[in-house]
Each structure stands twice: as C-alpha cells, then as structure tokens.
Amino acid sequence: MSETVRGVIARGKGAPVEIVDVVIPDPGPHDVVVRVQACGVCHTDLHYREGGINDEFPFLLGHEAAGIVDTVGAEVTHVTPGDFVVLNWRAVCGQCRACKRGRPWYCFDTSNASKKMTLTDGTELSPALGIGAFADKTLVHEKQCTKVDPETDPAVAGLLGCGVMAGIGAAVNTGNVSRGDSVAVIGCGGVGDAAIAGARLAGAKTIIAIDRDARKLAWATEFGATHTIDASTEDVVERLKELTDEFGADVVIDAVGRPETWKQAFYGRDLAGTVVLVGVPTPEMTLDMPLIDLFSHGGALKSSWYGDCLPERDFPVLIDLYRQGRLPLDRFVSERIALDQVEAAFHSMHKGDVLRSVVVL
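Mapping of the sequence shown onto UniProt numbering: position 222 corresponds to residue 222, and the numbering continues sequentially without gaps.
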C-alpha cells in the first residue's frame, strides 16, 4: 500500500520551499522505505532550490539523513525492518569499470529507488541526490542504506550522509594525510571543519585553518586547527610558507571551490605536496595559470567526490570513533529544527551562522 507523508519541496527556481503531501509508493524489489529521524540542511539542497544542479523541478529536498528501515521490497537482503541506517548517495554497483578496477568510490552506476515518489496529483518528484529526506519517510535503494550503531543520535549519524563525510574523506581518503604531516584547510564551514577533524584524526602535526570569518576560525580551532590565517587581512600563501618552514603544507584542502582559493592551495603547498579540491565550483568558473607552474611544482592535484568514501567501510568506523570520544561529530550540530523551518535554515546557512541545522522528525 502506498502512503502519504509530509515532505519539503522546491517547486521552482528560487521559490521558497513548501511542506506538501508526498506519496510514497510500495517499494520495488530492491527498494526500502525509511522512516526519517533526522536530516541535515546542506548547501546542496540550496543549490537544488536555486536551480544550480538541474531544472528537474519539483525537488524533494534533503539527503543528509538517518532513520529506521520501515518496509522493504521482496528481494531486499541488505537491510531488514527496524535497522538503524544512514542514507548515502554512493550506492556502489560492484560491476562498473571503476568497481572492477578496485576503485568503487568512483562508481559510475550508483543505485536509486526504482519507483518515483509523487505529489498527490501524480506529479513525479526528483529526490535530492536520489534520497529526498526532508520528509517523514522516503524511498531509496537498499544499497543507499548503511547500518550503524543504533545507539547513535540520529542528528549526528545523518551528517555522514554528505558534508561531514566529504570533509573527513577529503583529508583521510583523498589527501592521504598521515602522522606528522602539515595540512592546510581553506574554508572553515562544515566541510572544512570536517577536513580539520579528519586531519587531526590521521595524526597531522600542523593543521592550519584559513578563512575570512573570525567566528569560523574559532570554530576551526575547536576541531583541531593548530594555527589560523585570516584571509581578509593576511597573504594566505606567504603566511602558509611562514608556518611550514618556508616549504608549504604537505596537503592543502580547498573547501571553498573558487579559482582564487584553488590557486592559494596550489602555491601554498610543498613542491611535492597535494592539493585536494572538495569545495564545488560553479560551471562558469575558469582557471588561468602558467602551464610551467603545473609542471615545475609536481605533487598531486586531486578532486574529492564525497570524500572518496565507501559508506559500508567508512560510516560504521566513524560512528565507532565518535562513540569512543575520538571524533567530535556532535559539534557540527548547531541547531535542531522542525520540518517547517527549512527555509529559515537556508538563510542561516547562507549567512554563515551555523555549521549544520538538522531537521529532527
């Protein structure tokens, strides 16, 4: 039997979000209905509302979520009703060329639910990142569900569904930060602070936080930054060199995603250092640099998609580290809000007032 629940949609580009009735169909053979307990408000949801992803309106927003498996399709084997899960948008297939080459974090054929959630008039909804979790329940593929310790606060666990995992993974998986490294992070919002936490977890000796907002730099120190650079008053590259014996950092993570910040990352690293781009640029941005600089500096230039994570590998481990007191995931939760406060949360996020607002259902 299909059922009707509340959900938050973006009906058109730039229009305020609305709470509407959403119809959840019976799950297909490999589909799962999840009762959402908490869902973070992520910049990607705002990008969907602003038409920055595509124009397949209306969107059912929300994707950074945790909840309880409610009902499952006839052929589901991955989870069972009652399981506590974090939702993910990298449900690896195991069969594509990336998976077969042993690089499943680049999977080219991730799975989504086989059926569409709709409005009550039959209009099909496009779920954000294939999830759509600003709702009492949502429909996903079974591989989009990762079981974690059920004693974990859903508001904390759900953050691994996107931004926090992206940041931690940018440091640990993509950047391969190791003991004794020097690491710099440009942009100290949720993703940047997660990268700082990841660098600290990996044993980096020097962790340099870079931002233009003094409040965000203060947040960064709470997550493990040993030094800060105020980009509004200091030359970032020059100061990075000063803090790293004039060599530059071993790993520089750009959590902003603008040409000017990427150049700061490039020129602020050591000659054999690594640049990791985890901030998402907009399509019109371009980069103009002397090709000889790319040749002469060496090292590695990487992009990090979802922190190059494997949910089944990474989520349970990070939750265990959190429950052991070794990873302060709870500090990312700035406020807990109701479903009808999503629009206000977008404004708070845009102003930089929060690391994460989390909808609690």
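All residues carry an ideal CB built from backbone N, CA and C; glycine is no exception.
The model shown is predicted, which means the values in this text are computed figures rather than measured ones.
For residue i: DSSP bridge partner residues
{"i": "V23", "result": "T4 and T118"}
{"i": "E284", "result": "The partner list for E284 (beta bridge, DSSP) is empty, contrary to what the question assumes."}
{"i": "L40", "result": "Sequence inspection shows Gly at residue 40; the Leu mentioned does not correspond to that position. G40 is bridged to E64 and V358."}
{"i": "K351", "result": "Answer is none; K351 lacks a bridge partner."}
{"i": "L301", "result": "V275"}
{"i": "F295", "result": "Looking at the DSSP assignment, F295 forms no beta bridge with any residue, so it has no partner."}
{"i": "A10", "result": "F59"}
{"i": "I207", "result": "V183"}
{"i": "V33", "result": "T71 and L139"}
{"i": "R326", "result": "Beta-bridge pairing links R326 to no other residue."}
{"i": "R331", "result": "DSSP lists no partner for R331."}
{"i": "E343", "result": "None, per the DSSP bridge assignment."}
{"i": "R49", "result": "DSSP output for R49 lists no bridge partner at all."}
Candidates the options, of which the one nearest residue i by Cα
{"i": "G224", "options": "E260, V251, V183 and D293", "result": "V183"}
{"i": "A171", "options": "C309, V17 and V358", "result": "C309"}
{"i": "G248", "options": "A265, P259, G73 and V256", "result": "A265"}
{"i": "S114", "options": "R200, A74 and L271", "result": "A74"}
{"i": "A338", "options": "A10, E50, E234 and I19", "result": "I19"}
{"i": "Q324", "options": "P58, L159, H297 and D149", "result": "D149"}
{"i": "A121", "options": "V22, F295, Y106 and F134", "result": "A quick correction: the sequence has Asp, not Ala, at residue 121. Cα-wise, what sits closest to D121 is V22."}
{"i": "F295", "options": "E312, L271 and G163", "result": "L271"}
{"i": "V237", "options": "T261, V256, K216 and A218", "result": "T261"}
{"i": "I186", "options": "M165, D340 and R258", "result": "R258"}
{"i": "A255", "options": "T152, K216 and F108", "result": "K216"}
{"i": "A195", "options": "G167, R212 and D314", "result": "G167"}
{"i": "G279", "options": "D70, H347 and M165", "result": "M165"}
{"i": "T233", "options": "D211, H350, T226 and M285", "result": "D211"}
{"i": "T80", "options": "W305, D153 and H30", "result": "H30"}
{"i": "F84", "options": "G94, G28, V69 and A344", "result": "V69"}
Residues near residue i in its chain [Cβ-Cβ closer than 7 Å; skip 5 each side]
{"i": "A155", "result": "A38, V333, R336, V358 and V360"}
{"i": "G175", "result": "V251, I253, T274 and V276"}
{"i": "D26", "result": "M1 and S2"}
{"i": "H47", "result": "I53"}
{"i": "I24", "result": "S2, E3, V5, V33, M117, K137 and L139"}
{"i": "R313", "result": "none"}
{"i": "A157", "result": "A66, V86, V148 and I319"}
The alpha helix (DSSP H) enclosing residue i, as first and last residue numbers
{"i": "R313", "result": "P311 to R323"}
{"i": "A157", "result": "P154 to A157"}
Cut-off 8 Å between Cβ atoms - residues of its own chain near residue i, not counting five sequence neighbours on either side
{"i": "A202", "result": "A171, V172, V177, S178, R179 and D181"}
{"i": "L321", "result": "L201 and L327"}
{"i": "G14", "result": "R49, E50 and G51"}
{"i": "G299", "result": "R269, D270, L271, A272, G273, T274 and V275"}
{"i": "P58", "result": "I9, A10, R11, G12, L119, T123, L125 and S126"}
For residue i, the first and last residue of its enclosing beta strand (DSSP E)
{"i": "I337", "result": "E335 to I337"}
Spatial neighbours of residue i in its chain, beta-carbon cut-off 6 Å, leaving aside the 5 residues before and after
{"i": "A199", "result": "A171, V177, V183 and I207"}
{"i": "R331", "result": "none"}
{"i": "R239", "result": "I229"}
{"i": "G163", "result": "C42, G190 and V191"}
{"i": "G130", "result": "W89 and N112"}
{"i": "G169", "result": "G307, D308 and C309"}
{"i": "F108", "result": "C96 and A98"}
{"i": "P281", "result": "G257"}
{"i": "K302", "result": "T174 and V276"}
{"i": "Y267", "result": "V237"}
{"i": "K100", "result": "none"}
Fully enclosed by the region 211-261, which alpha helix (DSSP H) runs are 4 residues long or longer? Taking only runs of at least 4 residues, the alpha helix (DSSP H) segments lying wholly in the region 211-261 are 214-222 and 236-243.
Please go through the region 79-151 and give each complete alpha helix (DSSP H) segment of 4 or more residues, from N-terminal end onward. 97-100
List in chain order: all unbroken alpha helix (DSSP H) runs of 4+ residues lying wholly within the region 163-203. Counting only runs of 4 or more, we get 163-169 and 190-202.
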